[in-house]
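Peer 1: Sharing a structure with you now.
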Amino acid sequence: MKSEETIEKDQNRQMPGEKKKKKSIKTGSILLLFAVVVLLATTGGLAFWVYSQSAQQSKFEEDRNALEGFLPGKSEAEIQKELNRIIDESRLNISMNPTPVIRDGKINVMLENVPANNYYLQADVYIYTDEETLDMQQVYQSGIIKQGFYIESGDVMEIPEGGRYNGIAVFHALYPETLEEIGQAAMNIVVTSE
Numbered sequence: 001m002k003s004e005e006t007i008e009k010d011q012n013r014q015m016p017g018e019k020k021k022k023k024s025i026k027t028g029s030i031l032l033l034f035a036v037v038v039l040l041a042t043t044g045g046l047a048f049w050v051y052s053q054s055a056q057q058s059k060f061e062e063d064r065n066a067l068e069g070f071l072p073g074k075s076e077a078e079i080q081k082e083l084n085r086i087i088d089e090s091r092l093n094i095s096m097n098p099t100p101v102i103r104d105g106k107i108n109v110m111l112e113n114v115p116a117n118n119y120y121l122q123a124d125v126y127i128y129t130d131e132e133t134l135d136m137q138q139v140y141q142s143g144i145i146k147q148g149f150y151i152e153s154g155d156v157m158e159i160p161e162g163g164r165y166n167g168i169a170v171f172h173a174l175y176p177e178t179l180e181e182i183g184q185a186a187m188n189i190v191v192t193s194e
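Numbering-wise (the UniProt record's numbering), the sequence shown opens with residue 1 and increments by one.
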């Protein structure tokens, strides 16, 4: 007959493979927990994405559905026409007498804002009083000239001594609605003062 001590040892003795079974149950539990965490994170991310896509878009946000470029199906000619329109809108045509004469307190600028321009014009005429130092004197300043209007001559601000002067005319393009300056163009001129 077995002694009590032997019986106790027998009860505490593990069967072959029993230790592995406990380890494999522990590993399985960890893997299951990890899978649940990944599943919850994925579900939460998906729910957030669906919510953000279904939320009403503000009229002050960029449209989520807008794609860059031209609509598919436009011909090469239609695309070129649209690009030309954009260029034409930003173009500023200037027309002025390149050799104005100052006589009797007036200068014949022959200044025109052609109808094709999209902007109002304002022009300033300067002469170089000393070409070495590039000192300049403003001799004329127009008011605002709308498209389709012109100025034949205007009052001189300060009459220079008689002679020929190299100069520059600066044209300011203005938005018609706000009169805000959007850009400038310049033209070299020769002014004669009599």
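Glycine is no exception: its CB is placed at the ideal position from the N, C-alpha and C atoms.
(1) In the DSSP assignment, the alpha helix (DSSP H) including Q80 goes from what residue to what residue?
(2) Which residues share a DSSP beta bridge with I168?
(3) Closest by CA to L121, which one among F149, L67, S75?
(4) Evaluate G69 with the Cβ neighbour count: other Cβ atoms within 10 Å of its Cβ, from every protein chain shown; 16 or more gives buried, anything less gives exposed.
(5) In or out: Y165 buried (at least 16 other Cβ within 10 Å) or exposed?
(6) Of all the options E76, V170, A77, V139, which has the alpha carbon lying nearest to the alpha carbon of E181?
(7) Use the C-beta contact count for I30: other C-beta atoms within 10 angstroms, 16 or more gives buried, fewer gives exposed.
(8) Is N188 buried or exposed, if buried means 16 or more other CB atoms sit within 10 Å of its CB?
(9) From what residue to what residue does the beta strand (DSSP E) around F138 run?
(10) Quick one, are the C-beta atoms of V139 and I127 less than 7 angstroms apart?
(11) Can you find the residues in the same chain that come closer than 6 angstroms, C-beta to C-beta, to V191, ignoring five residues on each side of it along the sequence?
(12) Between which two residues does the beta strand (DSSP E) harbouring F149 extend?
(13) Please report the distance separating the alpha-carbon of D135 from that of P160.
Peer 2: Result, derived from the coordinates:
(1) 76 to 90
(2) Y126, N188
(3) F149
(4) exposed
(5) buried
(6) V170
(7) exposed
(8) exposed
(9) Inspection of the sequence shows that residue 138 is occupied by Gln rather than by Phe. Start and end: 135 to 141.
(10) yes
(11) P100, I127, Y165, G167
(12) 149 to 151
(13) 13 angstroms
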